[in-house]
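K.L.:
Residue numbers (our numbering): 155 to 245.
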């Protein structure tokens, strides 16, 4: 599930890899793969927790619940979260 075009702004910073990418509106997992990274994942449905990483800052929207979270240093599942504006993750 992609964000509305107006939400797909800013950039995603994959801090551990030193890679930045413009926010396309796709899940953080899909954006990481598009940027040439190979994050660990399992189900791609938010169930197995294999893809969980620390979000360092920024807001994300959960694609299933629609809930937006802007907490810093929280663990998120990158397969079911899309960035809302600038986001940095420890990936």
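Glycine is no exception: its CB is placed at the ideal position from the N, C-alpha and C atoms.
Measuring only the C-alpha atoms, how far is residue 189 from residue 173?
P.N.:
Residue 189 and residue 173: Cα-Cα distance of roughly 8 Å.
K.L.:
In the DSSP assignment, find the beta strand (DSSP E) that holds residue 228 and state where it starts and stops.
P.N.:
Its beta strand (DSSP E) spans residues 228-231.
K.L.:
Between which residues of its own chain and residue 218 is the CB-CB distance below 7 Å, once the five residues before and five after are set aside?
P.N.:
So the list reads 200, 234, once near-sequence residues are dropped.
K.L.:
If you drop the 5 nearest sequence neighbours on each side, which residues of the same chain put their C-beta closer than 6 Å to that of residue 202?
P.N.:
Only 196 meet the Cβ criterion.
K.L.:
Going by the beta-carbon positions, is the gap between residue 166 and residue 177 smaller than 7 Å?
P.N.:
Cβ distance < 7 Å, so residue 166 and residue 177 count as in contact.
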